[in-house]
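Taken in sequence, the protein lines are chains A and B.
Under the numbering used here, the first residue of the first sequence carries the number 2, and numbering increases by one thereafter.
Under the numbering used here, the first residue of the second sequence carries the number 2, and numbering increases by one thereafter.
Ideal Cβ placement from N, Cα and C applies to all residues, glycine included.
Some notes on the structure that comes next.
There are 2 protein chains.
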Amino acid sequence: MKNKVIMPFRSAKHQHRKCQKIALDSAKKLCESQGQRLTPLRQRVLELVWQTHEPVKAYDILDQLKDEHSSSAPPTVYRALDFLQEQGLVHKIESLNAYIGCGGPDESHEHSQFLICQQCGAVAELDDIDITNLLNEKVSELGFTMQTGMVEIVGVCAICNH
Amino acid sequence: MKNKVIMPFRSAKHQHRKCQKIALDSAKKLCESQGQRLTPLRQRVLELVWQTHEPVKAYDILDQLKDEHSSSAPPTVYRALDFLQEQGLVHKIESLNAYIGCGGPDESHEHSQFLICQQCGAVAELDDIDITNLLNEKVSELGFTMQTGMVEIVGVCAICNH
DNA sequence: TATTGAAATGTTATAATATAACATTTTTGA
DNA sequence: TCAAAAATGTTATATTATAACATTTCAATA
C-alpha cells in the first residue's frame, strides 16, 4: 500500500485498447483467484464500462447491451455493476451517478480518490496513502471511526490545462 | 479560514432548537447581506432540512411541505434546495442523495468534509484546511487544477462508539 | 451421470430522484 | 403605475434504481 496513481489522465491518442486489455485480463485473473464467476454478461458490462476513461451511466450501458442482448433490462445492468463493484473492478462516482473501471483492482485500495476533469470528462484514480492517513487521523481526533471514504475532486486535468 | 468543526455530532439530548435558531438567524442575516430573498417557502424548506442532524431527502421535504402548502410539487422543493445550496445554507450529501443544513454558512468554505455515521445516521461537517491543502498539493503535482472537492467519510461517530 | 441446490439471469412492475417547459403571480425598480 | 425580473404554480416527463417473483444455468455430489 503506497502512493499510487491508479489510473492517470491519458492523452486523446493513447492506445486505449491496451487499457481495455489490461483491465479485462486482470479482471479475469482476479475473479478466478477469488472463485468468482466473470460470466459473459458481467464481462460485457465491464467492457462497456471500459469504453472510455469517462464514467458511464447505467442506462447508457443498458442501451448498448440491449442491441446485442435483447433480454437486457435495468436489473441486468445493475446486478452486473453490483457484482463488479463488489470485486473492486468498477467504482461508482457518486457525484455523477456514473461508473468507471478500476485501474488497479489487484492492489487492495479501500479508499480511492477520484479526479474529475470538467473539461474532457475523464476521471483519474489515486490511491494516496497520505490522503487516507490524514483523513483517518483527522476524524480519529473527533472519536470517529472511519470505514470508507469517498473523495471526488472536480477540476481541470493536466492535459486540458495544456 | 482555519481548521474547523463546522458542525459536530451532537448528543441525542442536545437542545436542537438552538441549532435551528442559529441556522435560521444566520440564514436571514446572510441572505440580507447578499441581497438574496429568503422567501417564506425557502425559509420553510430550510427549517425542514434542519429538523435533524441527519440528511433529509427531497421527497420527504415535499411530503411535509404538501401538508401545509398544497401547491407544492417537486420543483417547489428542488428550486428551494438549489437556492439554499447556492447561498451555502444547505449541502447535498452525494452518496446519500440527501440534503443537510450547513453549520457555518457565514465563514466561506468551498471544501467541506462530511462525516456520516452509519449507526445514528447523523452527519458532521468539517472545514479542515489541512485536508484541503493536502488535496490541493497532491492533485497539483499531477498538473490538476482543483475547483471543488467532495469528501464524504462513512464510519461510526464518537457518540455511537460510546 | 442424474440430481439438486445455489447462483445467475429473465421479466414485469414500480419506487425514488430530478428536471423541462410553460403559465401565473409577486416583487422590484424605473 | 408600469414593465421587467424573479419567484412560484402546474403538468409532464426524464433519469436512476430496486422489488419481487419466474426461469435457466451451473457446479457439487450422491
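- With 16 or more other Cβ atoms from the protein chains shown falling within 10 Å of its own Cβ, Arg-43/A counts as buried.
- When C-alpha distances from Ala-28/A are compared across Lys-14/A, Val-6/A and Val-91/A, the shortest belongs to Val-91/A.
- For a cut-off of 8 Å, the C-beta gap from Val-78/A to Leu-97/A is around 16 Å, too long to register as a contact.
- Apart from the 5 residues on each side of it in sequence, Leu-39/B sits with its Cβ closer than 7 Å to the Cβ of Ala-28, Lys-29 and Cys-32 in its chain, given in chain order.
- Cα atoms of Pro-76/B and Val-57/B: separation of roughly 16 Å, rounded to the nearest angstrom.
- Using a 10 angstroms sphere on the CB of His-163/B, the tally of other CB atoms stays under 16, which defines it as exposed.
- Closer than 8 Å to the CB of Thr-149/A there is at least one CB belonging to chain B.
- The residues Ser-27 and Leu-31, in chain order, have a CB closer than 7 Å to that of Asp-107/A in the same chain once the five nearest residues on each side in sequence are set aside.
- In the DSSP annotation of this structure, the continuous segment of the alpha helix (DSSP H) that includes Leu-136/B starts and ends at 130–141.
- Looking at the DSSP output, Ile-94/A bridges to Ala-99/A.
- In terms of beta-carbon proximity, Lys-58/A stays away from the interface with chain B, with every pair separated by 8 Å or more.
- In the DSSP assignment, Gln-148/B falls within the unbroken beta strand (DSSP E) covering 146–157.
- Within the same chain, Glu-111 and His-112 come within 8 Å of Thr-149/A by CB-CB distance, once the 5 residues on both sides are set aside.
- Under DSSP, Cys-118/A takes part in a beta bridge, and its partners are Gly-156/A.
- Rounded to whole angstroms, the separation of the alpha carbons of Glu-69/B and His-15/A is 58 Å.
- Here the segment 119–129 of chain A makes contact with the segment 5–15 of chain A; the two share three or more CB pairs at distances below 8 Å.
- In its chain, beyond the 5 residues on either side, Gln-114 have a beta carbon closer than 6 Å to the beta carbon of Val-152/A.
- Counting every other CB atom within 10 Å of its CB across the protein chains shown gives Tyr-60/B a total below 16, marking it as exposed.
- Asp-129/A has a beta carbon lying within less than 8 Å of a beta carbon in chain B.
- At a cut-off of 8 Å between beta-carbon atoms, Cys-121/B makes no contact with chain A.
- The C-beta of Gly-144/A comes closer than 8 Å to at least one C-beta of chain B.
- Between Leu-136/B and Ile-132/A, the beta carbon gap of about 7 Å places them in contact (Cβ cut-off 8 Å).
- Under DSSP, Ala-125/A forms a beta bridge with Leu-116/A.
- Its chain contains Asn-4, Lys-5 and Gln-114 as the residues whose beta carbon lies nearer than 8 Å to that of Asp-129/A, once the 5 sequence neighbours on both sides are disregarded; these appear in chain order.
- Measuring C-alpha to C-alpha distances from Gln-37/A to each of His-54/A, Arg-80/A, Thr-53/A and Phe-84/A identifies Phe-84/A as the nearest.
- Contacts between Cys-158/B and chain A, judged by CB atoms closer than 9 Å, involve Leu-143, Gly-144, Phe-145 and Thr-146 in chain order.
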